[in-house]
Structure formats: C-alpha cells, structure tokens
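Q: Sequential numbering of the sequence shown, starting at -18, is according to our numbering. Think of the CB as a built atom: it goes at the ideal place given N, C-alpha and C, for glycine as much as any other residue.
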Amino acid sequence: MELATPADTERLGRAVGERLRPGDVVVLSGLLGAGKTVLARGIGAGLGVRGPVTSPTFVIAREHPPLPGGRGVPLVHVDAYRLGATVELDDLDLDTDLLAAAVVVEWGEGMAERLADEHLLIRLQRPSGGADDTRIAQLRGPDRLIPNWPGLAARAETRDP
C-alpha cells in the first residue's frame, strides 16, 4: 500500500495499535529514514499510551504505560539496530513484557519474530523516483492484526510468512 505522507504512516500505525492486545508483537522493517518510528508513534496513539513515542535507539527499549482512561495496554518499544545477535534481544527479557504489553520492535526482522507464535511484520520502503514523503508498506501477519485500509494488498499476501 502507498502512504503519501508521514501523517498517513502515523494513521496506519494508529489503526494497527487499535487492534493490539497484550502479547502481540509487531516487527518494523525498513532502511534508515523509512518511517519506522513514525509508524511506532501511531501504534502508541492507537494503544492510548503516554508519550512521546520516540526512537529508543540509545536506550534500546522504552516502556510506555497506558494513559488513564485508555485501552489499558502498555507498549514496549524496542530498537534492535544496535543489537548484535538474538541473544542480546533475549537479554531484554521481552517474553516477560509480553504477558502484559504489546511489543513493537524496530530493526527486528530476523530476530524478534520468535517472541510470539503470531506476529505482524510491517516492511516500509521508500520507492525510487517517488515523492520524498511517499512510503510503500507491506503487512504480513494474522488477519486480526491487519486493519481495513484502502489500498491494502490482497489478504492472501497478508498471511504469516
């Protein structure tokens, strides 16, 4: 699907966040500047967590508790960019966080999928020759995590990889 602006990327994140519940894992993939943190900010808004949701690059992981009157699902936001191996992801003890929170892992493709039997993978790309803000998003995972969204690829392409 095409996301023409950062606001569209954030809206997609919000739609995903509204579907998440404790134990859900979302893996965000894409090159530097692809919009992973913008998407994570939208997910946080959809969950109704305290913000701001910013890149946890230097702290590796940040927990955002739910706002009073919100949905009650905390967000654990992880940036795996600086992690060298899966064992370092294990050291974050995210399996414990999954008991009560939704976990979003930037740069986690190839590492974070094993945190849960089902996960949502969102790949963001900047198309060559496209507008600077345009992104292409591909979503793969269980139907319950995929929002109804104009331009979303056929359901057959959204199944678990």
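Tell me whether E94 sits in a helix, a strand or coil according to DSSP, three-state version.
A: The count along the sequence shown starts at 1 and reaches residue 94 at position 113. In the displayed model, E94 falls within a helix according to three-state DSSP.
Q: Going by C-alpha to C-alpha distance, which of P123, A82, G25 sits closest to P3?
A: In the sequence shown, residue 3 corresponds to position 22, counting from 1. It is A82.
Q: Taking a contact to mean a Cβ-Cβ separation below 8 Å, would you say V86 touches D78 in this structure?
A: Position 105 of the sequence shown, counted from the first residue, corresponds to residue 86. Position 97 of the sequence shown, counted from the first residue, corresponds to residue 78. It is not a contact, given that the beta carbons lie outside the stated cut-off.
Q: Any chance the region 21 to 28 sits against the region 108 to 122, with 3 or more Cβ pairs inside 8 Å?
A: no
Q: Does the Cβ-Cβ distance between E94 and S10 come in under 8 Å?
A: Position 113 of the sequence shown holds residue 94. Position 29 of the sequence shown holds residue 10. No. Outside cutoff.
Q: Taking 6 Å as the limit between beta carbons, can you name the residues of its chain near G23, skipping five residues before and five after?
A: Numbered from its first residue, the sequence shown carries residue 23 at position 42. So the list reads E(-9), G(-6), R(-5), once near-sequence residues are dropped.
Q: Using beta-carbon positions only, say whether V54 and A42 come within less than 8 Å of one another.
A: Locating residue 54 in the sequence shown gives position 73, counting from the first residue. Locating residue 42 in the sequence shown gives position 61, counting from the first residue. Their beta carbons are not under 8 Å apart, which means V54 does not touch A42 by this criterion.
Q: Do we get a CB-CB distance below 8 Å when we pair L(-7) with the residues of chain D?
A: In the displayed structure, chain D is absent; only one protein chain is listed.
Q: Closer than 7 Å: is that where the CB of G91 sits relative to any heavy atom of the ligand MG?
A: The ligand content of the structure shown is nil, which means the ligand MG is not present either.
Q: Taking C-beta to C-beta, are V(-3) and H100 nearer than 8 Å?
A: Taking the first residue of the sequence shown as 1, we reach residue -3 at position 16. Taking the first residue of the sequence shown as 1, we reach residue 100 at position 119. Their beta carbons are not under 8 Å apart, which means V(-3) does not touch H100 by this criterion.
Q: Can you tell which of I103, P(-13), A61 has the C-alpha that lies nearest to the C-alpha of S36?
A: In the sequence shown, the residue the question calls residue 36 occupies position 55. It is A61 whose Cα lies nearest to the Cα of S36.
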